[in-house]
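Asker: Quick one: the structure is below, and I'll ask about it shortly.
2 protein chains.
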Amino acid sequence: MKVLAVYAHESPTSFNAAMKEVAISTFRELGYQVKLSDLYAMNFKAVADKNDFTRQSDSPMYKYQIEGMHALKNNTFSSDIFAEQEKIRWADFILFQFPIWWFSMPGILKGWFDRVFSMGFAYGGDVGIYNDGGLKGKKAMIAVTTGGPQPLYNPRGMNGDINKILYPIQHGILYFSGMDVLPPFIAWSVAHFNDKQRKDYLKKYKGRLLNLEIAEPIPFHPNSTYDENMQLKKGLKPEI
Amino acid sequence: MKVLAVYAHESPTSFNAAMKEVAISTFRELGYQVKLSDLYAMNFKAVADKNDFTRQSDSPMYKYQIEGMHALKNNTFSSDIFAEQEKIRWADFILFQFPIWWFSMPGILKGWFDRVFSMGFAYGGDVGIYNDGGLKGKKAMIAVTTGGPQPLYNPRGMNGDINKILYPIQHGILYFSGMDVLPPFIAWSVAHFNDKQRKDYLKKYKGRLLNLEIAEPIPFHPNSTYDENMQLKKGLKPEI
Chain S
1 MKVLAVYAHE SPTSFNAAMK EVAISTFREL GYQVKLSDLY AMNFKAVADK NDFTRQSDSP
61 MYKYQIEGMH ALKNNTFSSD IFAEQEKIRW ADFILFQFPI WWFSMPGILK GWFDRVFSMG
121 FAYGGDVGIY NDGGLKGKKA MIAVTTGGPQ PLYNPRGMNG DINKILYPIQ HGILYFSGMD
181 VLPPFIAWSV AHFNDKQRKD YLKKYKGRLL NLEIAEPIPF HPNSTYDENM QLKKGLKPEI
Chain Y
1001 MKVLAVYAHE SPTSFNAAMK EVAISTFREL GYQVKLSDLY AMNFKAVADK NDFTRQSDSP
1061 MYKYQIEGMH ALKNNTFSSD IFAEQEKIRW ADFILFQFPI WWFSMPGILK GWFDRVFSMG
1121 FAYGGDVGIY NDGGLKGKKA MIAVTTGGPQ PLYNPRGMNG DINKILYPIQ HGILYFSGMD
1181 VLPPFIAWSV AHFNDKQRKD YLKKYKGRLL NLEIAEPIPF HPNSTYDENM QLKKGLKPEI
């Protein structure tokens, strides 16, 4: 298996860094090929703008997504976007390692998606959306840390159901782009871990990674479950 | 009323830019004082990292949130963060104008929240969370544009219920920080507008802005509806 790990944490002493290290070493033990996008170390540009294209299209009105379509066809993306798209083309499986900040991902990773998952590449244009998305056939998984403890993210907890909080990421980005999304690995409230808890958690994480190939993806509704108006067919329950 | 508008779109010909202009002119008509944070024009740094502090704390292990607490107490934030926090302290109402990208906000705005809504300022430390958050007494509202048409964001639509998709932002960031959150203004599928539709939509938006002061906030559950384990008390329905 060919794995791309996209990692978004500044600090090499963080639990996110430890998780990233466990993932890479486990993948190597398994004989997988691994590439890493360490966004902080790369000083990855987090802001989508016209500097992402080495040439502009002749579109009368500038629109970022349209310029992205043009750049994809003419090979005129900035070199950093091109390099990330090449890694994605190469990969069978993409792992996203990041801390949950403000119930979402850090800005640097959001900027990575804004820029790299371009129109025509990940969705739209000549490719579709959801199970017809541009990254169809690949698998993805997020591995995250939280500030608050697990019970806060229960369906009746103060922060709300974690699966619903992660829905815009797992369904709205990863599945939208055509990937099968494996269940997330969530390390709860890591700031309060002692050494033993850290080790136990990393061991548990390694267990998950050893079984990636047999993991069942989250059963998001495929496009065929929606009618011609993109409404869920009768008898099915909305996911969120 | 003192209004801060936080605006995250690159292009002055975008519908987001037009909405921002309508908002500012309407606020001025109403006699409100207005400040603008035009994140693209400011080239706002979207990545939270140790350069956000002019001095480090003496904490043995670097942690961004802890450094933020230290910077708040010692007035050692980078000047751009300090300036944004001063605008927030000044404002009664904060408007966020941005396009929905990947079912969330652009990276530049996410980075703004990551950096500016620091621990101890917006939440935690000496202040609480949710209706005890650091920005208690202020109001907030998001005004957004979507790519897809409205029916896709119905509870049975292919993209999922827009209120649930916006929950991590409206509840998880704005309400978490103590603000009353007014219902969002959503401009659906703006890329396909003709001139008349643009004008009609902007007029509708202006109507909403003229009535800001009488708008009822989204009735998120206050902290008192959760028990000592931060679980919703019996008889109440989860929000998501």
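Chain order of the listed sequences is S and Y. The end of the first sequence is residue 240 by the working numbering, with every number in the run present. The end of the second sequence is residue 1240 by the working numbering, with every number in the run present. The C-beta atom is built at its ideal place from N, Cα and C for all residues, glycine as well.
Between residue 216 of chain S and residue 194 of chain S, what straight-line distance do the alpha-carbon atoms span, to the nearest angstrom?
Answerer: On the first sequence, position 216 is the one that residue 216 of chain S refers to. On the first sequence, position 194 is the one that residue 194 of chain S refers to. So the alpha carbons of these two residues sit roughly 32 Å apart.
Asker: Determine, for residue 1179 of chain Y, whether the minimum Cβ-Cβ distance to residues of chain S falls below 8 Å.
Answerer: For this step, residue 1179 of chain Y is matched to residue 179 along the second sequence. No, residue 1179 of chain Y does not count as interfacial toward chain S.
Asker: I'd like the span of the alpha helix (DSSP H) that includes residue 209 of chain S, first residue to last.
Answerer: One-based indexing of the first sequence puts residue 209 of chain S at position 209. 195-210 is the extent of the alpha helix (DSSP H) around residue 209 of chain S.
Asker: From the beta carbon of residue 1132 of chain Y, is the nearest beta carbon of chain S less than 8 Å away?
Answerer: By 1-based counting over the second sequence, the position of residue 1132 of chain Y is 132. Judged by the 8 Å Cβ criterion, residue 1132 of chain Y is not in contact with chain S.
Asker: Under DSSP, the beta strand (DSSP E) around residue 1179 of chain Y begins and ends at which residues?
Answerer: Sequence index remark: in the second sequence, residue 1179 of chain Y carries index 179 (1-based). Run containing residue 1179 of chain Y: none; DSSP gives neither H nor E here.
Asker: Counting only C-beta atoms, is residue 152 of chain S closer than 8 Å to chain Y at any point?
Answerer: The residue you call residue 152 of chain S lines up with position 152 of the first sequence. Answer yes: the Cβ-Cβ gap between residue 152 of chain S and chain Y drops below 8 Å somewhere.
Asker: Ends of the beta strand (DSSP E) at residue 93 of chain S?
Answerer: Here residue 93 of chain S refers to the residue found at position 93 when the first sequence is read from its first residue. Taken as a continuous stretch (DSSP letters only), the beta strand (DSSP E) holding residue 93 of chain S covers 93-99.
Asker: So, do the region 1037-1047 of chain Y and the region 1059-1072 of chain Y have three or more beta carbon pairs nearer to each other than 8 Å?
Answerer: Contact between the region 1037-1047 of chain Y and the region 1059-1072 of chain Y is absent: fewer than three C-beta pairs spanning the two stretches fall below 8 Å.
Asker: Here's the rule: buried if 16 or more other CB atoms are within 10 angstroms of the residue's CB, otherwise exposed. What is residue 203 of chain S?
Answerer: Locating residue 203 of chain S in the first sequence gives position 203, counting from the first residue. By the 10 Å Cβ count, residue 203 of chain S comes out exposed.
Asker: Can the beta-carbon of residue 8 of chain S be found less than 8 Å from the beta-carbon of residue 40 of chain S?
Answerer: In the first sequence, counting from the first residue as 1, residue 8 of chain S sits at position 8. In the first sequence, counting from the first residue as 1, residue 40 of chain S sits at position 40. Taking 8 Å as the Cβ cut-off, residue 8 of chain S and residue 40 of chain S qualify as a contacting pair.
Asker: Within 10 angstroms of its Cβ, does residue 1115 of chain Y collect 16 or more other Cβ (buried), or is it exposed?
Answerer: Looking up residue 1115 of chain Y in the second sequence gives position 115. Buried, since its Cβ has 16 or more Cβ neighbours within 10 Å.
Asker: Between which two residues does the alpha helix (DSSP H) harbouring residue 1025 of chain Y extend?
Answerer: For the purposes of this step, residue 1025 of chain Y is taken as the residue at position 25 of the second sequence. Taken as a continuous stretch (DSSP letters only), the alpha helix (DSSP H) holding residue 1025 of chain Y covers 1015-1029.
Asker: For the alpha helix (DSSP H) that contains residue 1071 of chain Y, what are its first and last residues?
Answerer: For the purposes of this step, residue 1071 of chain Y is identified with residue 71 of the second sequence, where counting begins at 1. Where residue 1071 of chain Y is concerned, the enclosing alpha helix (DSSP H) stretches over 1064-1074.
Asker: Determine, using beta carbons only, whether residue 172 of chain S comes closer than 8 Å to chain Y.
Answerer: Stepping through the first sequence from its first residue, residue 172 of chain S is reached at position 172. Answer yes: the Cβ-Cβ gap between residue 172 of chain S and chain Y drops below 8 Å somewhere.
Asker: For residue 1156 of chain Y, go through chain S and note every residue whose CB falls closer than 7 Å to its CB, in chain order.
Answerer: As a working mapping, residue 1156 of chain Y is identified with position 156 in the second sequence. Listed along chain S, the residues sitting closer than 7 Å to residue 1156 of chain Y by beta-carbon distance are 231, 232 and 238.
Asker: Got a sec, what are the start and stop residues for the beta strand (DSSP E) residue 87 of chain S sits in?
Answerer: Taking the first sequence and counting its residues from 1, one reaches residue 87 of chain S at position 87. No beta strand (DSSP E) holds residue 87 of chain S; the alpha helix (DSSP H) holding it covers 79-90.
Asker: Give the DSSP-derived three-state secondary structure of residue 1224 of chain Y in the structure shown.
Answerer: Start at 1 with the first residue of the second sequence, and residue 1224 of chain Y comes out as number 224. Residue 1224 of chain Y sits in a helix when the DSSP states are folded into three classes.
Asker: Does the beta carbon of residue 76 of chain S sit closer than 8 Å to a beta carbon anywhere in chain Y?
Answerer: What you label residue 76 of chain S is simply residue 76 of the first sequence in a count that begins at 1. So, not an interface residue.
Asker: What residues from the region 175-204 of chain S come within 9 Å of chain Y, judged by C-beta to C-beta, listed N to C?
Answerer: 176 and 191
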